[in-house]
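Since the structure comes first, as structure tokens, the remarks are kept for the end.
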Amino acid sequence: MSGYQEILTDPSYAGQFVLFTCPEIGNVGINVEDMESTKAHMGGMLVRHLSLNVSNYRSSQSLPEYLEQQNVIGISDVDTRAITRRLRDTGCLNGVITTESDKTDEELVAMARDWTIVGKDMISTVSCSEPYEWTDPTGEEWEWAAAAKASKKGSLHVVAYDFGVKHNIMRRLAAFGCRITVVPATMPAAEVLALKPDGVLFSNGPGDPSAVPYAVDNAKEILGKLPVFGICMGHQVLGQAFGGETFKLKFGHHGGNHPVRGPTGAVEISSQNHNFAVDPKTLPADVEVTHVNLNDGTCAGMIYPALKAMTIQYHPEASPGPHDSDGSFETFVEMMKAGK
6 MSGYQEILTD PSYAGQFVLF TCPEIGNVGI NVEDMESTKA HMGGMLVRHL
56 SLNVSNYRSS QSLPEYLEQQ NVIGISDVDT RAITRRLRDT GCLNGVITTE
106 SDKTDEELVA MARDWTIVGK DMISTVSCSE PYEWTDPTGE EWEWAAAAKA
156 SKKGSLHVVA YDFGVKHNIM RRLAAFGCRI TVVPATMPAA EVLALKPDGV
206 LFSNGPGDPS AVPYAVDNAK EILGKLPVFG ICMGHQVLGQ AFGGETFKLK
256 FGHHGGNHPV RGPTGAVEIS SQNHNFAVDP KTLPADVEVT HVNLNDGTCA
306 GMIYPALKAM TIQYHPEASP GPHDSDGSFE TFVEMMKAGK
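With positions in the sequence shown counted from 1, the corresponding number in the working numbering is that position plus 5.
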């Protein structure tokens, strides 16, 4: 089993426990190339069996060593199938994992009940504090299929609002020839526009999209002036900027096998991680819902042609996951080229 490292370091999982349904986790260890951010963000990890035998030529340390280094709690030898069945029937649940033996069961239950993701701005806990240029090299291992049509390196300038942006999103944009400036989630729109980008990315990130009005206000100021692309949290922020509303999903969408029907009718298998969705009934008539999650019919993508905006409610960079949606980056690149 691989892919757990990308999940562990995905900022979108901040404040969440992650239950792995694969029975064996940790067999390929941890390596420096597959990090999706500079640290682990998830609140805790639950696995059936933690492999202590690491076998991978890229591994630099074991999973238990990394968890200890990052101060992330984990628990193994639990019945993950039973927990999965309960989550399937009940929806997302709060929980507590602790090593403190002095707390009673009643106290632990109270701690779990007191925590909520609704109304919580989690972006502020993961966003960068200062703007920076993305300079990590993009090797051939990241440049599959569509990147062969890339623009000349650095010919397009993208400003990425860091709501918890994954490294592989920036790798994919760089593979398409983009120069990327990453900015804090609270950076005023006027300062972003002063950087003279060809397009603006509103990235993925954790928490409740209705709890970040500063992001929505910035999006409103930028819409119509430049091509914009929203991914996951960025999709939800732009949905609100369009005039729509968001709501909390009972189960959330998590995993690398969610079918999404696109504008041509073709079905993509997508990687998803979000607990909220845009309510299409609240969107203006000029907004077109282009993608639909076939599991529950929720909005998975939008375009607003008059405002040069496109969004998707899943991860086209697929790290981990399928590469069906990589063409979304190419579409954004073509929008920016058309606007030059």
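Yeah, the Cβ is synthetic: ideal placement off N, Cα and C, and Gly gets one too. Everything numeric in this text was worked out from a predicted model, so none of it was measured.
- prompt: How far does the alpha helix (DSSP H) with F337 in it reach, from first residue to last?
  reply: 332 to 344
task: Quick one: grab the DSSP three-state call for K286.
output: helix
- prompt: Looking at the structure shown, is V205 part of a helix, part of a strand, or coil, going by DSSP?
  reply: strand
Integer-rounded CB distance, given that G100 should sit under 8 Å from A87: Not confirmed; about 14 Å, so no contact.
message: Classify Q74: buried if its beta carbon has 16 or more other beta carbons within 10 angstroms, exposed otherwise.
response: exposed
task: Give, in chain order, every unbroken run of the alpha helix (DSSP H) that is at least 4 residues long and sits entirely within the segment 13 to 76.
output: 68 to 75
Nearest-angstrom Cα separation, counted from S106 out to V297: When rounded, the distance between both Cα atoms is 46 Å.
message: The alpha helix (DSSP H) that contains P218, what's its start and end?
response: 218 to 227
message: Need the endpoints of the alpha helix (DSSP H) that N346 sits in, please.
response: Because residue 346 is not part of the residues shown, which for the chain are 6 to 345, the question remains open.
query: Which same chain residues, not among the five before or five after D213, have their C-beta less than 7 Å away from its C-beta?
result: I122, V123, G124, K125, F281
query: G240 lies in the beta strand (DSSP E); which residues open and close that run?
result: The residue asked about is misnamed: residue 240 is His in this sequence, not Gly. For H240, there is no enclosing beta strand (DSSP E); the residue is part of the alpha helix (DSSP H) that begins and ends at 238 to 247.
task: Return the first residue and the last residue of the beta strand (DSSP E) that D301 is part of.
output: That residue, D301, is in no beta strand (DSSP E); it is neither H nor E in DSSP.
- prompt: Of the choices H46, G34, S276, A115, whose alpha-carbon is the least far from that of Y1?
  reply: There is simply no residue 1 to check, as the chain begins at 6 and stops at 345 in what is shown.
- prompt: Considering only the beta carbon of each residue, do G267 and T295 sit closer than 8 Å?
  reply: yes
C-alpha gap between V221 and A246, whole angstroms: 5 Å
- request: Would you mind stating whether S275 and S215 have Cβ atoms separated by less than 8 Å?
  value: Note that the C-beta distance between S275 and S215 is not below 8 Å.
field: Contacts around S132, its chain only, beta-carbon distance under 8 Å, and the 5 residues preceding and following it disregarded
entry: Contacts found: D167, F168, G169, P189, A190, T191, G210.
query: Which value, in whole angstroms, describes the spacing of the CA atoms of D203 and I236?
result: 17 Å
task: Take S7 and list the residues in its own chain whose beta-carbon comes closer than 6 Å to its own, dropping the five residues that flank it on each side.
output: V33
- prompt: Using the rule of at least 16 other Cβ atoms within 10 Å of the residue's Cβ for burial, across every protein chain shown, is S60 buried or exposed?
  reply: exposed
message: On a Cα-Cα basis, can you pick out the residue from K108, L254, L312 that is closest to K225?
response: When each option's Cα is compared against that of K225, the closest is L312.
message: Less than 8 Å between the beta carbons of I102 and I78, yes or no?
response: yes
task: Taking all protein chains shown into account, decide if N223 is buried (16 or more other Cβ within 10 angstroms of its Cβ) or exposed.
output: That one is buried.
message: Within a Cβ cutoff of 6 Å, which residues of the same chain sit near M340, ignoring the five residues on either side of it in sequence?
response: P232
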